[in-house]
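*Asks:* Protein chains in written order, with the working numbering: chain A, 6 to 587; chain B, 1370 to 1635; chain C, 60 to 387.
Glycine residues also receive a C-beta, built at the ideal position from the N, C-alpha and C atoms.
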Amino acid sequence: MKTPLFGAFGAPGPKHMLGAMQSIDGRMRKYGNQGEVDFCIVGVGSAGGVLLQRLARAGFSVVGLEAGPLWDTERDWVSDEAGSHKLYWNDLRITGGEHPLTLGANNSGKGVGGGSVHWAAFVPRLHPSDFRVYSEDGVGADWPICYEDLKPYYELLEREIPVSGPAYFPWGDPHGYPYGPHPMGGCGDILINGCTKLGIRVCIGGPVAILAGSHGKRPHCIYRGYCIQGCKVGAKQSTLISHVPNALEHGAEIRDSCMVSRINLARNGSSKSGTVTGVTYFDSQGHEAEQKAKAVIVCGYAIETPRLLLNSACPGFENGLANSSGTLGKYLMAQAGNVVLGRFPELIRMYKAPPAHAMTEEFYETDTKRGFARGFGIQTVGPLPIAFARQMTIAKGAWGWGMRRVMMDYNHWGAIALLGEILPWPDNRLELAAEKDKYGIPVTKVTFNLHDNDKKMIEYGKNKVMEVMSAAGAEEVVQEQRYAHLVGAARMGSDPRTSVVDGFGRTHDIPNLFVCDGSVMPTQGSANPGLTIQALAARTADYLIAQSQFGLKKGAHSSETPRIRYDLSPPDTWGKGVPHLK
Amino acid sequence: MKAKDVKPGKVIRVLDASTRPIDPATGKPLEPRAQPGYYPGYDVLSQQAFWDAATRKVVLDRVRKIPPIRFFTPDETDLFRAVCDRIIPQNDRDSDHQIVIVNFIDERLHENRLDGYRFENMPPDQKAYQLGLRAITEIAQHLYAKSFLGLTTLEQEFVLKTVHDGNPPAGHDIWKRMPVHRFWHLLVQDIVGIYYAHPYAWNEIGFGGPAYPRGYMRLENGDPEPWEVEEKRYEWEAPLGSPSADYGAIAGMSEHPGAPGQRGTH
Amino acid sequence: MKAHDKFGIVRSTIADIPVDAEHAAHEITVHIREGRFQRSLALIAGFTGGMSGLEVAYEHYKGSYSNAIMYTPVILSQALLIAGVSGAVSRRAARTILPTVSAITLVDCAIGFGFHIRGIQRKPGGWRLPVFNIIMGPPLFAPLLFGMSAYLGLIASFLRRESASRFARPGRVPLPTVSRLLPAKVQRDEIIELQEVREGRFQKHLALSTAFATFFSGFEALYSHYKNNFKYKIQWSPIIVAGLLIGASLGAIWKPKVAKRLLPTASALAIANGTIGFCYHARGITRRPGGTKRLLYNIIYGPPILAPLLFAGCGFLGLLASMFRRER
Ligand SMILES: Cc1cc2nc3c(=O)[nH]c(=O)nc-3n(C[C@H](O)[C@H](O)[C@H](O)COP(=O)(O)OP(=O)(O)OC[C@H]3O[C@@H](n4cnc5c(N)ncnc54)[C@H](O)[C@@H]3O)c2cc1C
Ligand code: SF4
């Protein structure tokens, strides 16, 4: 066939190729910014999207302010690597320290859905041990909550997303997934072959937030490998597709292309306490505006959240809002994400199939024999040509004819990656720099250093991944140092002197100011953070709903765990799926 | 040949035989081809009817709409074009199938399109390019007492290799303002990012290209889709003595692995 | 006659198949010719149904049972298995449960076919990308292939039992209740037809069914082997054999000679091909990454282990058809 039947696919008409799912048709409720709404959410990303949906469905008036656009996936997204640059937060950030992180394309999203638009969608849970790293290993920190607190939310989100994976996942708290596993691509086969040779258990076909089976209007994955470029198909979950449509149906408003510049505060006399009254933002035309709210929840990602809180400093809160502990912006974490590339005599064609489709957590927990605390996972990745060429400039120092030659062999290369737990350190931090962005808000400066434990983990982990690659039959194995998944910097804890928020995301200092995104994580494990972030958001939502009847400005009414609201899930959540271990 | 004499976007490079890759069997330079690489007859663009309209537009614009030079001065443009020609040499491509690089980087700098970050010890990207090009000129002068454009391709490669290796013999005041390896990193990452975004380059490496609404069905064992072609390898060698044919760590990267990859993977 | 004693219980409860090999072939042929093999056909319907049920189970597992209706064929297939076995054991079950379950299954298959057509339509590009979406979408004809078992079950319910006397007049078939609503003339035709089935006179009919089943199964082989790029030459064989068998079946409708000569040969080929294919598929599964250590996953995503057996089943159907008498 030279063309599809009836000729080339044309521009999408008023009706989208995949139906309403691809654009949020229908009218959105508009609150206008004169009155006070119940909740104002800053950033409709991974956490913000879930929160928005829950609160709207529970009947509250809620406005989400989002710095980026509300995507029309059929018109705005492309099935092309270079053309997907706009999905990322590309505004200037300054990066430094001994081991500076690359930001932008490597980190956060901009636009409704946030990072979940361009994530690879690996969604493992944290292990029970992750919540007590300090008690068990004497490093890092303990969480104020434990695995059992989050477990029902993991299960709930795994259904809402829904997650595809094996019916039995053996690590951490063993469990299974509501959708079945995916078929393998070249890199998955490499990981399985390598691990099987070395006797390492491996989990195939998930867990990923990618549909193996249709889900409502969302179709099955078509194995095109462009997950990181935004899934036009709608098979990969982003909160834009799984939660936002339902939020809008229930009366939430999303004001897109609105950059929040500060959170406003009403101070109690001259004391060091107060309540927030709302936020100031720049709307899509660049005009400054204000939105009043009974409570503000900041969901702006581990960089923008602390930046906004720091930038909202005001009399009584000179070091930034909710920063009486001085820990705001500190304990920033990234996971070690070294990519290991292997050349095989046979063809691989790693651009097919989603990059995320097989993994092992065999090395997740602390093993004293290895000489460092905590551990790492190994996962498949599937770099497309540009990403691969850039990896080759570092992994092999390639340029000129050498670059042309190795790229001609692109189809012979496969890639798998380390995902290692770097511990939280106070000197890994984020501050406001002197330079300003186009709104006049100071840009962020991120400082990052590896510590001894981290270096040992990376060395050991990297070698292990290279060993797996060789065992799979690669004739040449190289690697590139990389970091992934920024979290922390507004961490939760039970002690207000050493943490920014409590176990539900409420700031210790200001009763109606909440943080809900990856920045609340005290440690990160070596599981990708996305599912945990969304599960925490659902939990925070239940807490907000339960507490709001007492008035949020007064502070916690009781620290009781709220009832889990199973009735607030988006449609299509229940009544299907494969039999699996609960 | 000076690019100034040529329509914007249309670039003709000197196709001196000694600059072309060599056929090891005969020892002779390979003829320039419309499509180097091991996938003869493979044409990604022939599949465009199967792509969605938004993607088709982005990819075709990349082939057809070459942005004008707005950021670089004419002299910088010539110099930078020569540098790009060494970082991604295209002497094995015929002149109709060479991929324009400079104009796209110029566009990025003109529009101040960032990658979302800047290293604390680096000037803004625009400044970095201006400084870097000046340094390259100085190295050429230092080593050969000629302008970079006046050098043979091999000599040009040797000049760039000093930057790759992290020991440039000249331009020291510039390297005080920005670390050598960071500049190299910026330069190479930008250039390969443009080259391998082009459908001609996809044909060369056998990449399937856009895949929506039609996805892939043969996921394993490197099997080609019905519309992809099987690999047909041939032997070739880089032009005699070319230093870029060898792989070597970028100096500064191994001691402190502080230039991690920029692209997200998982 | 030791074997006889040893299997005495089996013999008396399940099938009147004589153990004495000499008589066996002859007896079976006679039974089939005369439509006296309700028990065997009920068993065949039950087992093929159960088997395709297994295939449905893992195929739908690949689709994550994303719609609760995807469980129905799995449940019905097991119901069909039970109905088939009970039909073999009890005459009453063969007249009641078997046709009921078979009819429900047939309806379910028709609905399933509709869902599969819609499933392909709902994939990106829909029917405008027929090749890709048939290959990657829900298997188009799989519900119909599964329906063939139910159809056999339905036929079985009209047959005579093996124990029925050769010389007794085949009793009259009671018309299904729904048929009473039809005009008298149609009712009369139906009675005649059913009577013929009862007497084993429906060769043409079964040959046509064979052609259909083979088409469904062969089509699946075609696109899944195409998906695999016909990496081994032998992957063409079921497609060629399917062509042959379809030809022979259609020919059998047209000429008794074809039914007697060509059809059994083509059917035997299909049975052999399916059996060999089964071995290849089993080998393919063990050769996948992780091999037998990942057996379950590799069964699900490796070459479909039961598909060749279903293809062999089509050959079996053809063989059966060749043994029947023709319609009057
Ligand atoms: C390439 C890549 C692959 C990844 N793969 C995985 C993976 O496989 N699995 C996994 O679990 N995780 C993965 N991640 C990480 C994951 O995407 C993030 O951890 C997660 O999305 C973070 O969620 P969040 O809610 O904290 O922030 P985000 O989802 O980034 O949401 C923040 C939102 O807030 C908005 N915002 C910020 N500041 C403001 C402001 N001042 N005003 C208004 N709006 C604002 C932003 O525009 C953004 O939309 C990946 C990340 C990348 C870059
Ligand atoms: S591989 Fe699947 S999930 Fe990823 S972009 Fe393609 S269709 Fe979406």
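Flag Arg70(C) as yes if its beta-carbon sits less than 8 Å from any beta-carbon of chain A, otherwise no.
*Replies:* One-based indexing of the third sequence puts residue 70(C) at position 11. Any answer about Arg70(C) is weak, because its pLDDT of 43 lies below 50 and its placement is not dependable; what the coordinates show is given next. So, not an interface residue.
*Asks:* For Tyr1500(B), which residues of its own chain have a beta-carbon under 8 Å away from its beta-carbon, when the five flanking residues on both sides are left out?
*Replies:* Reading the second sequence from its first residue, position 131 is the one you call residue 1500(B). What sits at residue 1500(B) in the sequence shown is Leu, not Tyr. Here the set comprises Pro1492, Ile1543, Arg1546, Met1547, Phe1552.
*Asks:* Report the three-state DSSP secondary structure of Ser113(A) (helix, strand or coil).
*Replies:* Looking up residue 113(A) in the first sequence gives position 108. Reduced to three states, the DSSP call for Ser113(A) is coil.
*Asks:* For the segment 1474 to 1492 of chain B, which residues have a CB atom closer than 8 Å to at least one CB atom of chain A, in sequence order?
*Replies:* From the segment 1474 to 1492 of chain B, only Arg1482, Leu1483, Asp1484, Gly1485, Tyr1486, Arg1487, Phe1488, Glu1489, Asn1490 have a Cβ closer than 8 Å to chain A.
*Asks:* Could you list which residues in chain B have their beta carbon closer than 8 Å to that of Asn416(A), in chain order?
*Replies:* What you label residue 416(A) is simply residue 411 of the first sequence in a count that begins at 1. Per Cβ cutoff of 8 Å: Ile1574, Gly1575, Phe1576, Gly1591, Glu1600.
*Asks:* May I ask whether a heavy atom of ligand 2 can be found less than 7 Å away from the beta carbon of Tyr360(C)?
*Replies:* Counting from one through the third sequence, the residue named residue 360(C) turns up at place 301. No; taking the cut-off as 7 Å, the Cβ of Tyr360(C) has no heavy atom of ligand 2 nearer than that.
*Asks:* For Asp248(C), is the classification buried or exposed, using 16 other Cβ atoms within 10 angstroms of its Cβ as the cut-off for buried?
*Replies:* Reading the third sequence from its first residue, position 189 is the one you call residue 248(C). Its Cβ having fewer than 16 others within 10 Å, Asp248(C) is exposed.
*Asks:* Please list the terminal residues of the continuous beta strand (DSSP E) segment that includes Asp1430(B).
*Replies:* By one-based count along the second sequence, residue 1430(B) stands at place 61. Element bounds for Asp1430(B): not the beta strand (DSSP E) but the alpha helix (DSSP H), 1422 to 1433.
*Asks:* Report yes or no: do three or more beta-carbon pairs, one from the segment 527 to 540 of chain A and one from the segment 128 to 142 of chain A, lie closer than 8 Å?
*Replies:* A contact exists between the segment 527 to 540 of chain A and the segment 128 to 142 of chain A.
*Asks:* Using DSSP bridges, identify the partner residues of Met338(A).
*Replies:* Indexing the first sequence from 1 puts residue 338(A) at position 333. According to DSSP, Met338(A) bridges with Val492(A).
*Asks:* Who are the near neighbours of Leu328(C) in its chain, counting only those whose CB is closer than 6 Å to its CB and skipping five residues on each side?
*Replies:* One-based indexing of the third sequence puts residue 328(C) at position 269. Closer than 6 Å at Cβ, skipping near neighbours: Val300.
*Asks:* In this structure, does DSSP put Met364(A) in helix, strand or coil?
*Replies:* Stepping through the first sequence from its first residue, residue 364(A) is reached at position 359. In the structure shown, Met364(A) sits in a strand (DSSP, three-state: E or B).
*Asks:* Does the Cβ-Cβ distance between Gln242(A) and Ile166(A) come in under 8 Å?
*Replies:* In the first sequence, counting from the first residue as 1, residue 242(A) sits at position 237. In the first sequence, counting from the first residue as 1, residue 166(A) sits at position 161. Going by C-beta atoms, Gln242(A) is nearer than 8 Å to Ile166(A).
*Asks:* Give the residues from the segment 190 to 201 of chain C that approach chain B closer than 8 Å (Cβ to any Cβ), ordered along the chain.
*Replies:* Residues passing the 8 Å Cβ filter: Val190, Phe191, Ile194, Met195.
*Asks:* List, in chain order, every chain B residue whose beta-carbon is nearer than 8 Å to that of Pro183(C).
*Replies:* The count along the third sequence starts at 1 and reaches residue 183(C) at position 124. By Cβ distance, chain B contributes Tyr1581, Pro1582, Arg1583, Gly1584.
*Asks:* Does Ala1423(B) have its Cβ less than 8 Å from a Cβ in chain C?
*Replies:* Taking the second sequence and counting its residues from 1, one reaches residue 1423(B) at position 54. For Ala1423(B), the answer is no, since every Cβ of chain C falls outside 8 Å of its Cβ.
*Asks:* Using a Cβ-Cβ cut-off of less than 7 Å, give me the residues of the segment 491 to 519 of chain A that come near chain C, in sequence order.
*Replies:* Cβ contacts with chain C: none found.
*Asks:* Look at Gly191(A) and Lys357(A) and say whether their C-beta atoms are less than 8 Å apart.
*Replies:* The residue given as residue 191(A) occupies position 186 in the first sequence. The residue given as residue 357(A) occupies position 352 in the first sequence. Contact flag set, yes.
*Asks:* Relative to chain A, which residues along the segment 329 to 362 of chain C have a C-beta separation below 7 Å, given in chain order?
*Replies:* For the segment 329 to 362 of chain C, which is checked against every Cβ of chain A, the residues closer than 7 Å are Pro348, Gly349, Lys352, Arg353, Tyr356, Tyr360.
*Asks:* With DSSP as the reference, label Val505(A) as helix, strand or coil.
*Replies:* Position 500 of the first sequence holds residue 505(A). DSSP places Val505(A) in coil when its eight states are reduced to three.
*Asks:* Figure out for me which residue from Ala1423(B), Ala1614(B), Glu1400(B) has the closest Cα to the Cα of Gly15(A).
*Replies:* Walking along the first sequence from the start, residue 15(A) turns up at place 10. Answer by Cα proximity: Ala1423(B).
*Asks:* Would a C-beta distance cut-off of 8 Å place Phe44(A) and Ile302(A) closer than the cut-off?
*Replies:* In the first sequence, the residue the question calls residue 44(A) occupies position 39. In the first sequence, the residue the question calls residue 302(A) occupies position 297. Cβ atoms of Phe44(A) and Ile302(A): closer than 8 Å.
*Asks:* Compare the Cα-Cα distances from Gly1591(B) to each of Arg220(C), Ser276(C), Asn287(C) and report the closest residue.
*Replies:* As a working mapping, residue 1591(B) is identified with position 222 in the second sequence. For the residues Arg220(C), Ser276(C), Asn287(C), the minimum Cα distance to Gly1591(B) belongs to Asn287(C).
*Asks:* Please confirm if the segment 169 to 181 of chain C is in contact with the segment 197 to 213 of chain C, defined as three or more CB-CB distances below 8 Å between the two stretches.
*Replies:* As far as the Cβ criterion goes, the segment 169 to 181 of chain C touches the segment 197 to 213 of chain C, which means the pair count is three or higher.
*Asks:* Identify the residues that DSSP records as bridge partners of Thr512(A): which are they?
*Replies:* In the first sequence, the residue the question calls residue 512(A) occupies position 507. For Thr512(A), which the question treats as bridged, DSSP gives the partners Val506(A).
*Asks:* In the DSSP assignment, the beta strand (DSSP E) including Phe519(A) goes from what residue to what residue?
*Replies:* Position 514 of the first sequence, counted from the start, is the residue given in the question as residue 519(A). Counting along the chain, the beta strand (DSSP E) containing Phe519(A) begins and ends at 518 to 520.
*Asks:* Return no unless some Cβ of chain C is closer than 8 Å to the Cβ of His220(A).
*Replies:* Within the first sequence, the letter at position 215 stands for residue 220(A). Chain C, which has a Cβ nearer than 8 Å to the Cβ of His220(A), makes this yes.
*Asks:* Going along the segment 117 to 139 of chain C in order, which residues come within less than 7 Å of chain A, judged by CB to CB distance?
*Replies:* Those would be Tyr120, Lys121, Gly122, Ser123, Tyr124, Ser125, Asn126, Ala127, in chain order.
*Asks:* Closest Cβ-Cβ distance between Pro224(A) and chain C: below 8 Å?
*Replies:* Within the first sequence, residue 224(A) is the residue found at index 219, counting from 1. Yes, because at least one Cβ of chain C sits closer than 8 Å to the Cβ of Pro224(A).
*Asks:* Give the residues of chain B in contact with Lys286(C), contact being defined as C-beta atoms less than 8 Å apart.
*Replies:* Taking the first residue of the third sequence as position 1, residue 286(C) is located at position 227. Simply Met1586, Arg1587.
*Asks:* Using a Cβ-Cβ cut-off of 8 Å, state whether Lys4(A) counts as contacting chain C.
*Replies:* Summary: the structure shown does not reach residue 4(A), with chain A confined to residues 6 through 587, and so no result is reported for it.
*Asks:* Measuring only between beta-carbons, confirm whether Gly1501(B) sits less than 8 Å from chain A.
*Replies:* By one-based count along the second sequence, residue 1501(B) stands at place 132. False, the Cβ-Cβ gap to chain A never drops below 8 Å.
*Asks:* Among the candidates Ile1391(B), Pro1390(B), Gly1410(B), whose CA atom is the shortest distance from the CA of Trp1596(B)?
*Replies:* In the second sequence, counting from the first residue as 1, residue 1596(B) sits at position 227. Cα-wise, what sits closest to Trp1596(B) is Gly1410(B).
*Asks:* Closest Cβ-Cβ distance between Asp194(A) and chain C: below 8 Å?
*Replies:* The residue given as residue 194(A) occupies position 189 in the first sequence. Cβ-Cβ to chain C under 8 Å: yes for Asp194(A).
*Asks:* Trp579(A): buried (16+ other C-beta within 10 angstroms of its C-beta) or exposed?
*Replies:* For the purposes of this step, residue 579(A) is identified with residue 574 of the first sequence, where counting begins at 1. That one is exposed.
*Asks:* With distance defined between alpha-carbon atoms, name the residue in Ile268(A), Pro105(A), Ala294(A) nearest to His456(A).
*Replies:* Looking up residue 456(A) in the first sequence gives position 451. Here the closest residue by C-alpha is Pro105(A).
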